[in-house]
Each structure stands twice: as structure tokens, then as C-alpha cells.
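**Student:**
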Amino acid sequence: MADRVKISGGRLVDPASGSERVADLYIADGRIVGVDTAPAGFEAQAGIDASGMVVCPGLVDLAVRLGSSLESELGAALAGGVTSVACPPDMDPPLDEPGLVEMLARRAESLALSHVYPVGALTQGLAGSRLAEMNELAEAGCVAFSQADEALADNTVLLRALQYAATFDLPVWLRPQDASLARHGVAHDGEIATRLGLPGIPALAETIAVSTILLMVAETGARVHLCRLSAGESVDLVRDAKARGLTVTCDVSAHHVHLSEMDIGYFDAHCRLTPPLRSLRDRDALVRGLADGTIDAVCSDHCPMAEDGKEVPFGEATPGATGLELLLPLTLRWGGSADLASTLRPVTIAPARILGLPQPSLELGAPADLCIFDPAAWWRVGPETLRSRGRNTPFSGYEVQGRVRYTLVGGRIVFEQ
Amino acid sequence: MRLPEAEGLLADLASRMRAEVGPETGLVGIHTGGVWVAQRLHGLLGSTVPMGTIDIAFYRDDFARRGLKPDVRPSALPFDVNGRDIVLVDDVLYTGRTVRAALNMLFDYGRPGRVRLAALVDRGGRQLPICPDFVGGFLTVPNEHAMLLLRRTDSGSLELAMEEDVGGAA
Amino acid sequence: MQRNPQLGPKGELSHLLTIDGLPKDILLQILDTARSFVSVTERDVKKVPLLRGKSVFNLFFEPSTRTRTTFEIAAKRLSADVINLNVATSSQTKGETLLDTVANLAAMNADMFVVRHASSGAPHLIARHMGPEIHVINAGDGRHAHPTQGLLDVYTIRHYKEDFTRLTVAVVGDVLHSRVARSEIHALTTLGVPEVRVIGPRTLIPRDIEKLGVRVFHDMDRGLDGVDVVMMLRLQNERMNGALLPSANEYFRSYGLTPERLAKAKPGALVMHPGPMNRGVEIDSAVADGPQSVILHQVTFGIAVRMAVMAILAGNG
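Below you can see the structure in the form of C-alpha cells.
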């Protein structure tokens, strides 16, 4: 594979500096070695004609379940321009032992596709009672600790976990959801759940948990990241907390920025997600939260599964959707009138900061993890256009704009179409 | 083609029935046109038993092809069918399939003593071995896809009309 | 974007899954056709040959002898062959998926499935996977819908009250868990009933129910004031003592339909109940057996309504 690449004529969009301009980019030894002008003696082994395309740092995705096939899902990541993924610990078995983390890291490394950052289990077996060996897991490569979608039912355990993590300055990622209020629920407790007779999950299940966590953060000083906000009032709570100087961050899934309970339609099990798709008002509040920076990052919450996970009645369906390849087009869609550099921030530099990675940029010397996409190209979402093993997406049949043409990881062209 | 006057046919039909149909005979009109004819005959013949009406929708032999028509009317036979002398009344007798259905339906109400058939018009074209006992008149319709049907005007008088078949032969 | 899954390409009824979203003319066609079937059920021979040679499969993933029996009688009076399957006790326990079970039965040349399932939306799922020649009737799914019950209820109201557009109707009790309530509400609002009320404690009234076009009352006396029809709902045993309600006794005290409470409604107001009744919990025996009760007529009309639904579906290809 080519080590020295010349990318010519692309529109360089750098969310770090906010700059946008057309220039050539020169890559060697895994890094950007020249912008506009080639370094002395540069001889390209490969060239990419990027005219009409956008060149930006590779996307960083905070929640990617790799399913049964690491290779196919990392292939899907590359097809989506995603060069770094964080894996929640709810694998089978859960990531609660250093050996499992090392194995995952080794497998990912040997594939040499997107960078994989494991998130360790906060409690053993994610069972919510005994703390996992966080320091050992961190040494093995865990970037943070979480319960994935399993909420902690016991506030004492939560408090202890935050105190312990704070002792060693380990980041904790929490999906705010009150377990008892969400129990048996399968859809947002609102008009659609009432109409369809689906057991509801009230927004209260999330806002109570957000409040609890924020109070505990103030108490413990733990570094907490809130995962997958879905309710408008949660955004208000985080906004207030940030204004008071609390150091919390949060993300949303791309699905929740675009869809609402209405999309469930006639029991579309592809819209069975966790947290549930909420009301249009909630969705609009999430969009505002993104615009004003209250919400830091957007992730795909990628959860590929075989079709039989969805070919059951709505309430019995496995929650989740495939999303890696939709993250970019969905991000571009809500960007609207905002400039491209700002639009890309929640999927590049913001998640990188939450992951504790160096800030991605297009500056000289930056690592050459790059996404090159055609912002004008339309494509139809469907089994024939997705590389993920999971075809479970509520966007099946949608026409979306923005198609990744090349992805580079460590300076190598690892994807092109 | 020129269609005969329905009112004239009705008078002829009544006069042919008068000698043969007593006041105790049960008249049963087949929806919709047959009911209009039966209503008029009921008065003209001085029947003393109330008239019956049947909608043969649930007995049609083309249900599988054409489905249930949207306006099935309730059927009512306000007399005991068992042992009774009955005259089935239809407007236009054509293939005989309607009469077949009406006979089957009638027997689900009981076992009549005798059943005869009266039709305002016989246009021929039978597909079943069915023969009317009383007919107002005969009419040859060359086009087998043309539908000959009875209408009732706002004033209550009856008239014949011809339509292209869109729904299927009656 | 999503086509109504119960209507065929020409807007004809191809499955009956819910009353929500059904056009008014289809509802009226069912009610009109049912009236003709009522006349059939009053004859010597209560059978018509309409569905001769057709196979109706009663697929009950949740046991219910009453509902299954009414569908069975309806199908038999249409001359269909009826196959009763209590699926809860057979293939499902062997790990076969719902769709596998149904695909197997469809291969036995089924013409119609009558489906009862504990999960909301199961009949939709089955209908989506059937060819156009197989019709699905929802006989109750989770909390979602029980459309034939809703239809027989409005049939009963129409029988006694004729004009829907001048009525006030109250639905009383556990609306949260009730598929019957949802189907009743949709049927009433579609047919133009100007005021549909739901009455119950806050724990049993689902969020945003107003968006279905109803007025919410928590006070029984005020809710019953001046209504033409009182539709009681059954309170399941397991909901009587717990976090939803303290006890059956206390429920009866606040929401039980007694003669005194019924006096708040219009004189001659109808009392209805989908059955089976909990006497002394949601309804006083004096009311259930009283002159204003039409509960037993509901059962009679229920057969004719189910015959009408089956006949119309079978006729639509």
C-alpha cells in the first residue's frame, strides 16, 4: 500500500481551526507533511483527485457495537469515513477483564482498519453490584468505563463507582436512565405509545437519572460523560450544569436528532431504539442543544443485528440500529445553514476530546486519519448500499446526501469507492 | 334499441298472475328491482300476507370473483315459510343464477309448499334450467354484455334502462 | 410514506388490524353488512354458503375461550372450515418464531388468520408477511386494539341510538391497559360522536390520550353527567392491588357503576361492558342486570359483526 499520497484539489475543512479552503494535501509516514506545497523530495506513490470533494479529519464515533464480525463492521466504519470508534462494554462476554480488552485491541490492530477504543465495564459483568478492576482495565487499553445501556439500579453503587473513578481520574460514561421507571417500557411514553398500546418509558426516567448523576458529579468531581440524551429537559439540565461550571459532556445518537416517536408508524421495529425515540419537541430540543454546544458529540450508536432481531412484534424486538455509514450524511443533513467546519465538530474534534485523543486537524504534522467525501452525491440507504452486516435501520429507503469516497487511516488509503 | 314501457309490462304481469295467485300466497321480492315489482304486485293482487324481501348477496356464486357488494340489505320474510305457496319476484330474468341463489336462500328459512317465479321481463340467455311461471314480456337483447335493469323514478313509476356491464351479469 | 397496512391498492379492506385510520365508509359498510347478518342469525338455518371451502385459522397466542368461540361461530355460520390453534401451548414453546409458525400455517392454504397475541402489533407483523390472498383479523393484540369488539360496540349503540352525531359517550376504567378502550375510542370518533369521555384514576389513563380526541375525567360523577352511553371496561385482577390501585373495594367506591351513579347519565342511557364482568368491582349487579344494560345484546351482535368482517375480507380477493 502507498505510504506517500497526494490529495489534490479537495476542499479542506478543518473543524479544529474552522478554516475551509481548496488546497492540495501531502501525506507521508502516516502524517500530513505538506499543505499546498509538497515537501522537498516528495514523490507520491498514489494520488487522489479530490476536486469537488471535501477533505476532513476522519470521523470519531463514541458508540459502535462490532457485533459478531469485527472485520465487516470496521469495514462499515471506513465506508462511513469513521476512523476511530469507541466500543461499549456490552459485548458477549462484557468487557470486564483485561484479557478481553487486550484481545479486542489486538484483533483490531491486526486488521489495521479504524482505530478501536474499548470502553470498560464499570461493574463486573455489568451486573451493577461490584466494581470492575478499572485501573487494570485502563492499563489494558480502556479509555473510559460504562454500564453501556444497563442502568445502575442502585445509587449507592453509582456513588461509589464515581468516587472510585474520580480517585484515579478515570472517565465514566453513563447512559442516564432510571431502571425502575423504564422497566417494561418499549417506547416513549407519549401519544404514539398510547395510540399503539406500547408500554411507555417516560422522559422522567431519563431526567431523574440526569439530575442524580449531575448531583453526584458535583459531589465527587468525577469526569462524567452522559451518553445518548433523548429528552429535551435533559438538555436543559446539562445546559444549567455547564453554566454552573460542572465539567460534564454529553452526546446524542444521530437517530434521535432526526427521528421521533412518529416514525414508529405502524410498529416499525427498526425504530425500537434505546433510549426510545421521543416527541418532536424533544427532538427539536436536541437539535438546539447541538447548535448551542450543550450537546458535545453525535454518535451512530451502531448496533448491527440479524434481521430476526426485528422480525418480531415491536416490543419484543432487540433495540438498536446500524448507523456507522449514516453518521456523516445525517450530520450533514442537520447542519443546514451552518458552515461545514462547525457541522462536523460533533463528529470529529468533540468526540476525540471526550475520548482523550489528540485534537484531529488538517495541520502540518497531524496524523493522516482522513475522510474524503462528495458532499453533493445522493444515495439510497438499503441492503445493497450498506456494508454493515446489520441492515436494521429506520432510514432504509431514504435518500441521503454525502457519500464517502476515500478513507485514510494512518496515511494509508483503506477505503475507496 | 327501444325498450318497452315497464308500467305496461307490470299490468300484463299482474293480469297473468291474478287467476293463479291467491291472497295467501307469499310474494318475495329479490333486491332491488324485484322488491319494487313485488311491492306493486302486492297491491295489485290484493295479498293479505305481508310481502318478503331478500338480498341474495350471501348466496351469489360469483362471490369469490367479485366480493361482497357494499350495500347488502337485510332480508325479511315476515311469514312462516313452511308449507306456504310462494312466488319469487324478480325484475329482469336473464342467466337464472339470481333465481338459483334466491331458491337456496328461501330454503334456509323453511320448506315452502310450492315456489313459482314471476319476472317483469325475460331477456333469455339462461345458463341454468330455470323457467318462469309468470312473465310481463319478452325482450331480445343482442349484446350479451349489455345490462338490462329496472329503475324507479322519483314519482314511483318503474322504467327499464340499458347499461354497459361494468359490474357483471346479474 | 407508509401505506395503511390494512387497505389494499384500491383502498379496499384487506386486513382488519385496528380501527385507527380506517375510513368511515368502511366502518359503515361493516355495520350495514352486519345488520344483514343479524337477520340471518334469526332464521331456522343460521348459515350462509359465502365462505364455503375457505379455511379460517384461529391463532390464539394468548388463551381466550370467549373471543375464540365467537369467531368460530361467525366463521362456521359463513360455512368456512375453522381450525383452532392454541399456539401458546404448541410451537411457540419449542422456540419457533411467530413468523415461522404463521408461514407454516399459510402453507396449509389458509385463507384467513384470526390472531390474538399478547404483544401490541403482532397482527401487523403477520399481515406484513402474508401474500395478498391471506387476510388477517386482529382478535386483540396487547394493549393496542380489539377492532371487532370496537365495531360490535358501535353496532350496539347504533341499534339503540341511531344518530352518532348527537351522542356523548363515556368509556370508564382501566384505559391504560385496554385494547378495547382504544378501539372503542377510534370507532366512536370516526363515526362522528362529538364527545367521547374517558373516566378513571390518573394511574389508569395513558399519557396524551386527549390526542385521540377524548376528554379526560377523573371524577366519575362529573364524567357521567348527561352521557348517552356508558362503556365500562374490565379491570384485570392483577391490577387491583398494587401500585396502580390500592384495592378492588376502593376502586368500586370511586369508579364502580352503581344505580346512583348511573342516574347522573341521561335517562335511558345505555350500559355496555365487553365482558367478562367483575361484579362489585367495576359494575354493580343491579346495573349489569338492569333495564339499561345491553351487555347480552353486545354478544349477539358480536357474531354478526364478525361475520360481516370475514365476508367483506374474503370478498376482497
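Quick note, the sequences are listed as chains A, B and C, same order.
If you count the first sequence from 1, you need to add 1 to reach this note's numbering.
If you count the second sequence from 1, you need to add 19 to reach this note's numbering.
If you count the third sequence from 1, you need to add 77 to reach this note's numbering.
Glycine included, C-beta positions come from ideal geometry on N, C-alpha and C.
(1) Once DSSP output is grouped into helix, strand and coil, what is the label at residue 402 (chain A)?
(2) Going along the chain, which residues of its own chain have a beta-carbon closer than 6 Å to the beta-carbon of residue 182 (chain B), five neighbours each way excluded?
(3) Quick one: is residue 395 (chain A) near chain C, going by C-beta distance under 9 Å?
(4) Please state whether DSSP places residue 326 (chain C) in a helix, a strand or coil.
(5) Looking at the C-beta of residue 93 (chain B), does it have a partner C-beta in chain C at a distance below 9 Å?
(6) Threshold first: 3 residues or longer. Then list the beta strand (DSSP E) segments lying entirely within the stretch 323 to 363 of chain C, N to C.
(7) Below 8 Å on the Cβ atoms is my contact criterion, and I expect residue 160 (chain A) with residue 129 (chain A) to pass it. Report the Cβ-Cβ distance as a whole number of Å.
(8) Going by Cα to Cα distance, which pick from A:177, A:325, A:168, A:301 is closest to residue 155 (chain A)?
(9) From residue 172 (chain B) to residue 180 (chain B), what does the alpha carbon distance come to, in whole angstroms?
(10) For residue 225 (chain C), which residues in chain B fall below 9 Å Cβ to Cβ?
(11) Just checking my contact of residue 313 (chain A) with residue 377 (chain A) at CB under 8 Å: how many whole Å lie between their CB atoms?
(12) Hey, how far is the Cα of residue 49 (chain B) from the Cα of residue 184 (chain C)?
(13) In the DSSP assignment, the beta strand (DSSP E) including residue 119 (chain A) goes from what residue to what residue?
(14) Drop a sphere of 10 angstroms on the beta-carbon of residue 379 (chain A), count the other beta-carbons inside from all chains shown, and report buried for 16 or more, exposed for fewer.
(15) If I measure Cβ to Cβ from residue 269 (chain C) and keep anything under 7 Å in the same chain, skipping five residues before and after, which residues do I get?
(16) Can you find the residues in the same chain that come closer than 6 Å, C-beta to C-beta, to residue 97 (chain C), ignoring five residues on each side of it along the sequence?
(17) Does chain C have any CB closer than 9 Å to the CB of residue 113 (chain B)?
(18) Using the three-state DSSP reduction, which class does residue 93 (chain C) fall into: helix, strand or coil?
(19) Below 6 Å CB to CB, which residues in the same chain sit around residue 149 (chain B) once its five sequence neighbours on both sides are set aside?
(20) Residue 201 (chain C) versus chain A: which residues are under 7 Å apart at the beta carbon?
(21) For the structure I just gave you, are there three or more beta carbon pairs, one from the stretch 126 to 145 of chain B and one from the stretch 101 to 115 of chain B, closer than 8 Å?
(22) Applying the 10 Å Cβ sphere with the 16-neighbour rule, what's the burial state of residue 365 (chain A)?
(23) Under 7 Å between beta-carbons, which chain A residues line up against residue 235 (chain C)? List them in chain order, please.
(24) Quick test of your reading: residue 21 (chain A) and residue 339 (chain A), contact by CB under 8 Å. State the CB separation rounded to the nearest angstrom.
(25) Identify the contact partners of residue 127 (chain C) in chain B, using a Cβ-Cβ distance below 9 Å as the criterion.
(26) State the CB to CB distance for the pair residue 394 (chain A) and residue 323 (chain A), rounded to an integer number of angstroms; the pair is presumed to be in contact (CB under 8 Å).
(27) Is residue 286 (chain C) close to chain A, meaning its C-beta is less than 9 Å from at least one C-beta of that chain?
(28) Cβ atoms of residue 98 (chain A) and residue 74 (chain A): under 9 Å apart, would you say?
(29) Around the C-beta of residue 254 (chain A), are 16 or more other C-beta atoms found within 10 angstroms, so that it is buried, or is it exposed?
(30) In chain C, which residues lie less than 9 Å from residue 312 (chain A) when you measure between Cβ atoms?
(31) Measuring alpha carbon to alpha carbon, tell me which of A:114, A:148, A:361, A:330 ends up nearest residue 300 (chain A).
(32) For residue 379 (chain C), which residues of its own chain have a beta-carbon under 6 Å away from its beta-carbon, when the five flanking residues on both sides are left out?
(33) Give the secondary structure of residue 298 (chain A) by DSSP, where H, G and I count as helix, E and B as strand, and everything else as coil.
(34) Could you name the residues of chain C that residue 315 (chain A) contacts, counting a contact when the two beta carbons are closer than 7 Å?
(35) Excluding the five sequence neighbours on either side, which residues of its own chain have a C-beta within less than 6 Å of the C-beta of residue 95 (chain B), listed in chain order?
(36) Mind listing the chain C neighbours of residue 184 (chain A)? Cutoff is C-beta to C-beta under 8 Å, in chain order.
**Tutor:** If we stick to the structure as given:
(1) In the structure shown, residue 402 (chain A) sits in a strand (DSSP, three-state: E or B).
(2) Residues of the same chain with a CB within less than 6 Å of the CB of residue 182 (chain B), apart from the 5 flanking positions on each side, are 166 in chain order.
(3) Residue contact check for residue 395 (chain A) against chain C: no CB pair falls below 9 Å.
(4) In this structure, residue 326 (chain C) counts as helix in the three-state DSSP scheme.
(5) Yes - at least one Cβ of chain C is within 9 Å of the one on residue 93 (chain B).
(6) Unbroken beta strand (DSSP E) runs of no fewer than 3 residues, entirely contained in the stretch 323 to 363 of chain C, are found at 347 to 349, following chain order.
(7) In fact, because the Cβ distance is near 13 Å, the residues do not count as touching under 8 Å.
(8) If you compare the alpha carbons of A:177, A:325, A:168, A:301 with that of residue 155 (chain A), the shortest gap goes to A:177.
(9) Per the coordinates, the alpha-carbon of residue 172 (chain B) lies some 12 Å from the alpha-carbon of residue 180 (chain B).
(10) For residue 225 (chain C), no chain B residue has a Cβ inside 9 Å of its Cβ, as the nearest lies near 17 Å away.
(11) Going by Cβ atoms, the distance from residue 313 (chain A) to residue 377 (chain A) rounds to 39 Å, so no, they are not a contact pair.
(12) Approximately 40 Å between the Cα atoms of the pair.
(13) Its beta strand (DSSP E) spans residues 116 to 122.
(14) The C-beta of residue 379 (chain A) has fewer than 16 other C-beta atoms within 10 Å across all chains shown, which makes the residue exposed.
(15) Closer than 7 Å at Cβ, skipping near neighbours: 241, 242.
(16) Within the same chain, 263 come within 6 Å of residue 97 (chain C) by CB-CB distance, once the 5 residues on both sides are set aside.
(17) Chain C places no beta carbon closer than 9 Å to that of residue 113 (chain B), leaving this residue out of the contacts.
(18) Per DSSP, reduced to three states, the secondary structure at residue 93 (chain C) is strand.
(19) Answer for residue 149 (chain B): 115, 118, listed in chain order.
(20) Chain A residues near residue 201 (chain C): 267, 268.
(21) Look at the beta carbons and you see the stretch 126 to 145 of chain B touching the stretch 101 to 115 of chain B: at least three pairs across the two are nearer than 8 Å.
(22) Burial call: exposed.
(23) Correct list: empty, because the minimum Cβ distance to chain A is about 24 Å.
(24) Contact doesn't hold; Cβ gap of about 12 Å is too wide.
(25) Result: 76, 77, 78, 79, 82, 87.
(26) Rounded to whole angstroms, the Cβ separation of residue 394 (chain A) and residue 323 (chain A) is 5 Å, and the two are in contact under 8 Å.
(27) True, the Cβ-Cβ gap to chain A drops below 9 Å.
(28) Not in contact: residue 74 (chain A) and residue 98 (chain A) (Cβ atoms no closer than 9 Å).
(29) Per the 10 Å Cβ criterion, buried.
(30) Within chain C, the residues near residue 312 (chain A) are 174, 175, 176, 202, 206.
(31) When each option's Cα is compared against that of residue 300 (chain A), the closest is A:330.
(32) Around residue 379 (chain C): 147, 229.
(33) The answer is strand: DSSP assigns residue 298 (chain A) an E or B state.
(34) Under the 7 Å cutoff, chain C gives 197, 198.
(35) The beta carbon of residue 95 (chain B) is closer than 6 Å to those of 72 in its chain, skipping five residues each way along the sequence.
(36) Within chain C, no residue comes near residue 184 (chain A); the closest Cβ sits about 12 Å away, beyond 8 Å.
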